[in-house]
Amino acid sequence: MEILISRVDSQPIYNQIYSQIKGHILSGRLQEGDVLPSIRALAKDLRISVITTKRAYDELEQEGFIYTVAGKGCFVAKKDTNRLRQENLKKLTELMKKVAALARLCGLTEHEIMEIYHNSTKEE
Amino acid sequence: MNYALEIKNLSKHYKKGFSLENVRFCLPSGCILGLIGENGAGKSTTIRLIMNAIQRDEGEISVLGTDSHSPEFTRVKQEVGVVLDEANFPEVLNVRQVNKVMQNIFTQWDEGMYFDYIQKFSLPEKKMFKKFSRGMKMKLSIAVALSHHPRLLLLDEATGGLDPIVRDEILDIFNEFTRQDDHSILMSSHIVSDLEKSCDYIAFLHKGKLLFCEEKDKLLETYGILHCTRDELEKLPRGVVQGGIRSSDYGGVEALVLRKQVPVGIKVDYAGIEEIMVHFVKGEHAE
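Just so you know, the protein sequences line up as chains F and X, in that order.
Counting in my numbering, the first sequence tops out at residue 130, every number present.
Counting in my numbering, the second sequence tops out at residue 288, every number present.
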């Protein structure tokens with residue numbers, strides 16, 4: 007598993023770690039039961055603060071992507087299909103907001119947007 | 002939580018005017034704390050006070066759980082590695098002789114480790130210390146500080162005078178040092194970028210007073226840099242702007258702001274530790 011940290015990115019570093027690990031889990035590169043590097047080891051490898059790394063893990067754990075076994079480390083949790091769907095819906099909503107904003111800029115009607123949508127599904 | 006270092010209400014007054022007032026901060030075990038501040042802010046004084054090299058007037062200092070005024074502190078000192086901004090070894094000694102001296106000073110002295118570092122830093126073994134360059138002196142000092150299995154490192158401008166490549170190597174070594182969770186580092190530096198990466202906490206000294214000691218991530222999250230025109234700045238609610246403002250004729254103004262209190266829709270840039278430091282000090286000057 008690789009995690010790439012960008013220091014010029016406007017995204018905070020903990021968020022970069024969080025979203026990349028999440029990405030690895032969602033894409034299946036990290037499988038259920040896989041062990042994650044310890045917080046300290048990952049922080050030192052990435053040359054970043056331990057607190058930053060801990061925060062990323064905390065957030066992943068809160069959302070149920072990973073779980074901790076005291077004294078053993080952090081593991082990838084079972085993929086929750088329901089949660090996955092929720093995740094994707096969330097993403098979709100975000101994208102829709104962008105669509106709406108762009109459409110407003112161009113003065114598109116709902117009908118025209120739907121037309122574009124139908125065309126794009128046909129292309130696929 | 003275990004603390005590698007606990008400083009409470011530390012004060013030191015000098016007759017010539019400088020004084021360190023009521024400094025308090027803690028370094029949790031396993032963490033790196035960066036001490037920042039201008040020249041003469043009191044960083045070196047703080048580090049000297051921790052090691053009892055100078056006597057404090059008031060306050061408490063506890064190092065690895067032991068009060069620095071207690072008799073047991075002599076034993077604790079064995080577990081602290083110190084690098085001061087000026088490396089001071091007897092001028093006529095060479096690397097090998099320094100090894101002999103240190104063997105008798107530190108009970109846990111690790112000769113193998115020491116020579117590993119000497120090799121890593123490509124220091125000549127037979128050259129007298131006085132003929133060393135500044136960089137070489139620093140490296141020797143760092144090698145000594147690391148070679149007696151310390152649990153706490155106190156680094157006062159330890160990367161000063163080193164070129165970027167060596168600095169990077171040494172930061173790497175410090176970073177590796179804290180891989181063990183009972184190893185902690187207090188480091189002061191002007192080169193804030195050195196600290197920005199790996200520090201967990203940042204303590205900011207200004208004119209002998211502690212302006213803040215905070216988790217680095219929290220700082221980066223709290224503050225932001227706002228670029229706008231002077232009119233726009235004046236429309237902002239009170240209390241949003243922190244510290245001083247940098248203004249120019251054509252470039253508008255640049256201010257340090259509390260991210261959360263900036264009205265939605267105004268773009269706030271990332272503020273690095275260096276920007277936070279500069280703006281805080283500027284604010285002080287303006288008052």
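Ideal placement from N, C-alpha and C gives every residue a C-beta, glycine not left out.
The structure presented is a predicted model; accordingly, all values stated were derived computationally and were not measured.
Who are the neighbours of X/LEU221 on chain F, taking C-beta pairs under 8 Å? PRO18
So with Cβ pairs under 9 Å, would you call X/PHE19 a contact of chain F? For X/PHE19, the answer is no, since every Cβ of chain F falls outside 9 Å of its Cβ.
Does the Cβ of X/ILE106 have 16 or more other Cβ atoms within 10 Å, making it buried, or fewer, making it exposed? Taking all protein chains in view, the Cβ of X/ILE106 is surrounded by fewer than 16 other Cβ atoms within 10 Å, so the residue is classified as exposed.
Let me know the secondary structure DSSP gives X/GLU22 once reduced to three states. strand
DSSP bridge partner residues for F/VAL75 (one or two, in chain order): F/GLY79
Through-space distance from X/ILE192 to X/GLY41, alpha-carbon basis: 15 Å
Identify whether X/SER1 lies in helix, strand or coil by the three-state DSSP scheme. Residue 1 of chain X lies beyond the residue range present for chain X, which begins at 2 and ends at 288; the question has no answer from this structure.
Could you run through the region 31-56 of chain F and flag, in chain order, every residue whose CB is less than 8 Å away from some CB of chain X? Within the region 31-56 of chain F, the qualifying residues are ARG46, ALA47, LYS50, ARG53, ILE54, SER55, VAL56.
X/VAL242: buried (16+ other C-beta within 10 angstroms of its C-beta) or exposed? buried
Once you ignore the five residues that flank X/SER1 on each side, which residues in its own chain have a CB closer than 6 Å to its CB? Not covered by the structure: residue 1 of chain X. The range shown for chain X is 2 to 288.
Using the DSSP secondary-structure output, state which residues sit across from X/TYR202 in a beta bridge. DSSP lists X/LEU34, X/GLU216 as partners of X/TYR202.
Against chain F: residues of the region 178-202 of chain X by CB proximity under 9 Å: THR179, ARG180, GLN181, ASP182, GLU197, LYS198, SER199, CYS200, ASP201, TYR202
Using a C-beta to C-beta distance shorter than 9 Å, which residues of chain F count as neighbours of X/ASP218? PRO18, ILE19, TYR20, SER55, ILE57, THR58, ARG61
Cβ of X/VAL93 within 9 Å of Cβ of X/PHE130? yes
Continuous alpha helix (DSSP H) stretch holding X/GLU87: start and end: Note, X/GLU87: premise wrong, no alpha helix (DSSP H); not H, not E.
Please decide whether X/GLY240 counts as near chain F, where near means a Cβ-Cβ distance under 9 Å. Taking a beta-carbon distance threshold of 9 Å, X/GLY240 does not count as an interface residue toward chain F.
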